[in-house]
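A.B. asks: Residue numbers (the numbering used here), protein chains in the order written: chain X, 1 to 317; chain V, 1001 to 1317; chain G, 2001 to 2317.
A virtual CB, placed ideally from N, CA and C, is assigned to each residue, including glycine.
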Amino acid sequence: MRSFLGRDILSLRDWERMEYYRVFEVCDELAPIARRRRNSDLLKEKILVTAFYQPSTRTRLSTEAAMHRLGGHVVGFSDAKMTRAGDFYQESIKDTVHMLEYYGDVIAMRHYQQGAPAEAARWASVPVINCGDGWGEHPTQVLTDLYTIRRELGTLDGLHFLCIGDMRMRTMHSISYAMTQFDIQATYVAPPEMALTDDFKKELKERGLRFREADNVADVIGDADVIYMEPVVQADYTKSREEARKDRGRTPPQYQVTRDLLREKARAQAIILHSLPRVDELPPDVDSTRHARYWIEAFNGVVLRMALLALILGAME
Amino acid sequence: MRSFLGRDILSLRDWERMEYYRVFEVCDELAPIARRRRNSDLLKEKILVTAFYQPSTRTRLSTEAAMHRLGGHVVGFSDAKMTRAGDFYQESIKDTVHMLEYYGDVIAMRHYQQGAPAEAARWASVPVINCGDGWGEHPTQVLTDLYTIRRELGTLDGLHFLCIGDMRMRTMHSISYAMTQFDIQATYVAPPEMALTDDFKKELKERGLRFREADNVADVIGDADVIYMEPVVQADYTKSREEARKDRGRTPPQYQVTRDLLREKARAQAIILHSLPRVDELPPDVDSTRHARYWIEAFNGVVLRMALLALILGAME
Amino acid sequence: MRSFLGRDILSLRDWERMEYYRVFEVCDELAPIARRRRNSDLLKEKILVTAFYQPSTRTRLSTEAAMHRLGGHVVGFSDAKMTRAGDFYQESIKDTVHMLEYYGDVIAMRHYQQGAPAEAARWASVPVINCGDGWGEHPTQVLTDLYTIRRELGTLDGLHFLCIGDMRMRTMHSISYAMTQFDIQATYVAPPEMALTDDFKKELKERGLRFREADNVADVIGDADVIYMEPVVQADYTKSREEARKDRGRTPPQYQVTRDLLREKARAQAIILHSLPRVDELPPDVDSTRHARYWIEAFNGVVLRMALLALILGAME
C-alpha cells in the first residue's frame, strides 16, 4: 500500500481497497477524541491552509474542526472575492500555490474549476486535499460516506447502492470510483439531462462495476441497502433570490425519497445518505425514520478528516 | 442556583440575581488573564463554533478573543452569504445545527430572526449562546453592561437607569429583564414609533420593574446614575451608501446626550454606556468627559465572555 | 538602536540601517521554524488582531501564518463589509481602535486610506503594524524584499535598484526610504502619469539617495542588480469584470520585463522581485530564468513577519 505521508488526496480513481481500510482504521483510533470533545496535541506544530474559491459550510468547517481537534492551526480564505485570485488579477493557480505552500503544511482546496486542485498539487511542496472541484471529484465527502456505511452496516461488501441525483456531480464521480473497489452493485436514477455520460459508463464498465440505470426511484428502491442522494434541482445563481426560491419544491416525484415510499418499498435496514444541504428531494419527515443517517455524517466527516490530516502529515503511520 | 455547565445562554428573562453575581465573580477571577495579556490553557481542549448570520464586529471578535485568551480554538462563519444557509438552499436551523454541533463544543450564534438561537438550542447537543437575535435579546452584551456598571459604581442596587434609543432593540429587552432582578428604577426615552410596546410594558410591570417613560433626555437626565444608549437613527440597507450617509446627523436633539447637556444637568457620578457603533446621538466630545465608560466595555466584554465560556464548558464551576 | 518591544511599524521613513540588520538577524534565527515546518510555542500566550479593510491574500495570510508558526492566536476581519466600519456607521478609527486594542496584543491593519494605521497607533494601547495604507507605505512587504535581496545577493550595499511600475504605490515609497539607509543607487521607470512626485523627489534628494529617472526599461536594465517591479495597469473596480479583463495585456512594452530582454541586456546576477499578483508586466516565461526570486518571497514574508511579531511582542530582544 502506498504511504499516506505527504500524499495528495485528489481523486479516488486510483485508490485501492486496502487504502480505504487503512483510513477507516485510523478513523476508529481518532474518533474518541471527537466523541469525548477533548482536542489532542497531535498536529500542534502544523498549519492547515484552506483555499476555498467557492462557498462551503460543511466541507470547510469540518476540515478546520478536524485540524483544531488535533491541536493544529488554520489560515486561509473562504471566498475567492476576498483574494486576488477572484478579482482583476485572475492570478494563476501556479502563482497562488507558490504563495500558499509557504503559509502552512497542507492545502485544502475547493475550486469551481475541475482539475484545479490537481494543478495546485503539480506545483506545491506540500500535499493538496481536493475539497471539491467543479464537476470533478469530492474524495473527502465520499470517504466520509463510506466510513459511515461501514460503521452503520458493518461492511461495504455485498451491498447494493441506489444513487439518486445529478450524475454530473463530483460526489457521484467519487462514489462510483470507490464502489469499484468493493463488492458493490449500483443503480443510478437521474433525470435524462443529468445522466451518467457514455464515457463515464464505459470507464465504470472497464473498472468492473456492476451497475444499471433506472427512471424512477420507486421501481428500484426495494433493492437498495444504501440510498445515496444529491439534489436534482440546482441552484441557479444567475437568478434573483426570489426567482431562485420558486425553483425549490420542484423536484419531480420520481427522484424523491419520501416517508411513504420508504414504508412501502424500502428494506428495513436500508440507510439514506445525503451530503446536504437538501432542497426537497428528501422531505424533513424522513428524518425520524429508521433509515436516516445523514446527520451523523457531520460527526463522521470530522473524524475522517482528522484521520486524513494525521496520516498525510505523519502524525499517524 | 442552576448550574452553568452545559447551559444555553438565550435570554435574560429567567435569570436570577444570584446568577448574575456568580458570573461577575468568575469575571473577576479571569480578568487578570486579559489584563496581563497572557493567554491561559483553560479551554485548550475545546472548540467554539461561531455562526454569525449577520455582520458583527464587537460581539463576534470579543467572543473569539475570549476563547483564544483561554487557549481555545475557533471555527465558524461571519457572513451568511459564505454558507449554504444564506443562499438558494435556505437550510433550516435544524439541519444546520445537526452539522455545527459536531464541529465544536459550544455554538455562538447571531441571527437576523428572533428566536433562531432558541430554535438551535432545541436541537443541539452542545450549548448555544445567543449573540443577538433580530428584535429579540442580546444577553452577552447586557451582561457586559451590568458587569461594567458594577465595577464602575460598585453596585447595581439603588441605581436609576436612563435608557435612550429604539426600545424595539434587543439590548433594550435584555437590560429590561436584567433590571427586574436588582433594586433599579428605569426611565425610557424613545421616539414614539420606537417606544416600548404595551405588551412589553405589561410584562415589565408584572415582573415588578419601577419605570416611567419620558419624551426628552434633558428633562430626566438629572435623575440618572446610568445613561444607557442606542441609536434612534437606523441603518436603512435598502438605501444606497450615499443616501444612507445623509441619514447620519439626523438624531433629534431630545434623544442626544451632548457635552453641554451633561455639564448642565447630569449627576457627577453618572456613567454613559453605549454598545457602539454610534451615529450622532453621542458626539465624540463626550468621550473626554468623566461620564464616558463605553470604551472600557470592549475590555469587559472579553472578560465577561471568558467567564461564560469557562462556566458553560466546565472549566470553572 | 530603539527597542522593538511595543513599537509600531508604520513607516520605514525613520528606520536606521542598524534596525534593518537587527530584524534580519532575528529572521535568520527564526527561519528554521518555518523551514522545518514545526510551529514553536514562542507566542502561545499572545493574540494577533487582523484589521483588513481591503482584500489581501499575501500580506494577511503571511502575517497570520507567522503568528501561527510561533504558536499564537489570531482574531480579526478580512473585509470591511463584514464590520460596522464599512457600513452605514462609518465608525471612526478611534472608536474602532478602542475596541480592537482589547481583543489582542498587536494589531495588523490594512486600510484604503493613507495614514489610517498611524491614526490607529495614536489611540491604541498595543502596537500597530501597517500592512499597507492606501498610497502610503507597506513596510512589511519592503522588509521582506530587503531580506530576500540580502539572502540572495549577500549584501545590500553597492547595489543598483531598478524600480519599475507606478511610483505612487506604497511599496515604492517604502523601498525608497529604505534605500537611503544603504549604499544603493536607484533608477525609476514609470509612465509619466505615475512618476515620482516633485515633493517626493525633493525629499529623497535631501535624504541623500542617488537616483535617476528613465523612460524605458530596456535602456537601463543593464545597470540593475535588483529589478523591483509593480504593475502599471491598475485594477479599475468601477468597471465590470468583463471590461476589467480587457485591461489585462495592456502593459506598454517599455515597462515590461521579458525573457528576451533579460537574455539580451540583464546582468547575469540580477534578481527580479515582484510583490505579486502580476498583470502582464512580467510574463510567466520569466519564472524559469535565473533572475526570478519573487516566489521565495512568500517564504521570506512569513519569516520576516515572525521576526517582527517576536520582537514587538517581546519574545525576542
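So I296 (chain X) is in the beta strand (DSSP E); what residue range does that whole segment cover?
C.D. replies: Here I296 (chain X) belongs to no beta strand (DSSP E); instead the alpha helix (DSSP H) covers 296 to 312.
A.B. asks: Could you tell me the distance, in whole angstroms, from the CA atom of P1330 (chain V) to the CA atom of K1094 (chain V)?
C.D. replies: There is simply no residue 1330 (chain V) to check, as chain V begins at 1001 and stops at 1317 in what is shown.
A.B. asks: Please confirm if the stretch 1130 to 1146 of chain V is in contact with the stretch 1159 to 1166 of chain V, defined as three or more CB-CB distances below 8 angstroms between the two stretches.
C.D. replies: Because the criterion of three Cβ pairs below 8 angstroms is not met, the stretch 1130 to 1146 of chain V and the stretch 1159 to 1166 of chain V do not touch.
A.B. asks: Any chance the stretch 1106 to 1114 of chain V sits against the stretch 1040 to 1050 of chain V, with 3 or more Cβ pairs inside 8 angstroms?
C.D. replies: yes
A.B. asks: Which residues in the same chain have their Cβ closer than 7 angstroms to the Cβ of K1205 (chain V), if we skip the five residues on either side of it in sequence?
C.D. replies: none
A.B. asks: State yes or no: is the C-beta of Y1102 (chain V) within less than 8 angstroms of the C-beta of V286 (chain X)?
C.D. replies: no
A.B. asks: Since V2106 (chain G) sits in a beta bridge, which residues does DSSP pair it with?
C.D. replies: G:L2048
A.B. asks: Which term fits M1229 (chain V), buried or exposed, when burial requires 16 or more other beta carbons within 10 angstroms of its beta carbon?
C.D. replies: buried
A.B. asks: How big is the Cα-Cα spacing for Q54 (chain X) and V128 (chain X)?
C.D. replies: 16 angstroms
A.B. asks: Of the choices V:Q1256, V:S1062, V:T1144, whose alpha-carbon is the least far from that of V1233 (chain V)?
C.D. replies: V:Q1256
A.B. asks: Helix or strand or just coil, what does DSSP make of Y1147 (chain V)?
C.D. replies: helix
A.B. asks: Going along the chain, which unbroken runs of the beta strand (DSSP E) with 3 or more residues stay wholly within the stretch 1176 to 1205 of chain V?
C.D. replies: 1184 to 1189
A.B. asks: Go through its chain and collect everything with a Cβ distance to H1073 (chain V)'s Cβ below 6 angstroms, but skip five positions before and after it.
C.D. replies: Excluding positions up to five away in sequence, the list reads I1047.
A.B. asks: Rounded to whole angstroms, what is the Cα-Cα separation between L1010 (chain V) and S3 (chain X)?
C.D. replies: Spanning the two alpha carbons is a distance of roughly 48 angstroms.
A.B. asks: Who does R1210 (chain V) pair with in a DSSP beta bridge?
C.D. replies: V:Q1185
A.B. asks: Flag D8 (chain X) as yes if its beta-carbon sits less than 8 angstroms from any beta-carbon of chain G, otherwise no.
C.D. replies: no
A.B. asks: Along chain X, which residues have their Cβ under 7 angstroms away from the Cβ of Y1188 (chain V)?
C.D. replies: Neighbours of Y1188 (chain V) on chain X: none; closest Cβ ~37 angstroms, over 7 angstroms.
A.B. asks: What residues from the stretch 196 to 222 of chain X come within 8 angstroms of chain A, judged by C-beta to C-beta, listed N to C?
C.D. replies: As a matter of chain content, chain A is missing from the structure shown, whose protein chains are X, V and G.
A.B. asks: Leaving out the 5 sequence neighbours to the left and right, which residues in its chain are closer than 6 angstroms to Y1177 (chain V) when beta-carbon positions are compared?
C.D. replies: L1012, R1013
A.B. asks: Taking 7 angstroms as the limit between beta carbons, can you name the residues of its chain near E2156 (chain G), skipping five residues before and five after?
C.D. replies: What sits at residue 2156 (chain G) in the sequence shown is Leu, not Glu. Within the same chain, L2156 (chain G) has close Cβ partners L2146, I2149, R2150, F2182, I2184.
A.B. asks: Nearest-angstrom Cα distance between A1268 (chain V) and G1071 (chain V)?
C.D. replies: Those two C-alpha atoms are separated by around 41 angstroms.
A.B. asks: Using a Cβ cut-off of 9 angstroms, which residues of the stretch 2029 to 2052 of chain G contact any Cβ in chain V, in chain order?
C.D. replies: K2044, E2045, K2046, I2047, V2049
A.B. asks: For a test of the three-state rule: what should DSSP assign to L2061 (chain G), helix, strand or coil?
C.D. replies: L2061 (chain G) carries a helical assignment under DSSP once its states are collapsed to helix, strand and coil.
A.B. asks: If you compare alpha carbons, which of G:T2063, G:V2142, G:A2190 is closest to M2306 (chain G)?
C.D. replies: G:T2063
A.B. asks: Is P277 (chain X) close to chain V, meaning its C-beta is less than 8 angstroms from at least one C-beta of that chain?
C.D. replies: yes
A.B. asks: Using a Cβ-Cβ cut-off of less than 9 angstroms, give me the residues of the stretch 2092 to 2104 of chain G that come near chain V, in sequence order.
C.D. replies: S2092, K2094, D2095, T2096, H2098, M2099, L2100, E2101, Y2102, Y2103, G2104
A.B. asks: Taking the C-alpha atoms as reference points, what is the distance between A2266 (chain G) and V2217 (chain G)?
C.D. replies: 10 angstroms
A.B. asks: Could you check what DSSP says for V1257 (chain V) in three-state terms: helix, strand or coil?
C.D. replies: coil
A.B. asks: Spatial neighbours of T1140 (chain V) within its chain, please: C-beta separation below 8 angstroms, excluding the five flanking residues on both sides.
C.D. replies: I1009, T1059, T1063, I1129, N1130, C1131, G1301, L1304, R1305, L1308
A.B. asks: Going by C-alpha to C-alpha distance, which of X:H98, X:A65, X:R168, X:E25 sits closest to S40 (chain X)?
C.D. replies: X:A65
A.B. asks: Once the 5 residues before and after S125 (chain X) are set aside, which same chain residues still bring their CB inside 7 angstroms of it?
C.D. replies: E101
A.B. asks: Can you list the residues of chain X that F1077 (chain V) reaches, using a CB-CB cut of under 8 angstroms?
C.D. replies: T57, L61, S78
A.B. asks: State yes or no: is the C-beta of G187 (chain X) within less than 8 angstroms of the C-beta of V220 (chain X)?
C.D. replies: The question names Gly, yet the displayed sequence has Thr at residue 187 (chain X). The criterion of a C-beta distance shorter than 8 angstroms is satisfied by T187 (chain X) and V220 (chain X).
A.B. asks: Check whether the Cβ of A65 (chain X) lies closer than 8 angstroms to any Cβ atom in chain V.
C.D. replies: yes
A.B. asks: Taking the CB atoms as reference points, tell me whether T144 (chain X) and E281 (chain X) lie closer together than 8 angstroms.
C.D. replies: no
A.B. asks: Given a threshold of 16 other Cβ atoms within 10 Å of its Cβ, counted over all protein chains shown, does P277 (chain X) qualify as buried or as exposed?
C.D. replies: buried
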